[in-house]
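> Quick note on numbering that gives the first Met the number 0: the sequence shown kicks off at 0 and runs consecutively.
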Amino acid sequence: MKPTRRQVRLAINGEPIQVRDVAHLGCPRCGEGLFTLAEARLLFRSAQAIYRRKHRLLAATEIGALRRELGLSAAALARALRVNKDLVARWETERAVQSVAYDALLRIVRDVPGSLDYLRSRAA
């Protein structure tokens, strides 16, 4: 194994995302790669950023700001959106990326008066 850089594909929300120039240890014979924890984290964050830009998604900070502006806890927003509260926390801390559909729903909650009340009235 020796230090190398190459393009790596990583799935974000089931979609393959290509990240260029990824540093890691690679086998010159078989091409197998080995990543340190720091390299793996950087790869994941880079893939998330590419996915967010590609789909023009709200940033993690924007999701957190929206939730706070609405005066909601992560659990309350999760109930309205019908997702697990841990998922909302992961969106806000960049440990997960919302799907395009949930991004649209978050924007509707932000931009359409009464939409949050509508979602809450139908939440399980």
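Glycine included, C-beta positions come from ideal geometry on N, C-alpha and C.
1) For residue 14, write down the residues that DSSP places opposite it in a beta bridge.
2) Please state the DSSP three-state secondary structure of residue 55.
3) Keeping to the same chain, check which residues put their C-beta closer than 8 Å to that of residue 100; ignore five residues upstream and five downstream.
4) When you compare each of 74, 53, 4, 31 to residue 42 by their alpha carbons, which one comes out closest?
5) Secondary structure at residue 21, three-state DSSP: helix, strand or coil?
6) Residue range of the alpha helix (DSSP H) that residue 114 falls in?
7) Name the DSSP beta bridge partners of residue 2, please?
On the basis of the coordinates in this document:
1) 11
2) coil
3) none
4) 4
5) strand
6) 114-121
7) 24
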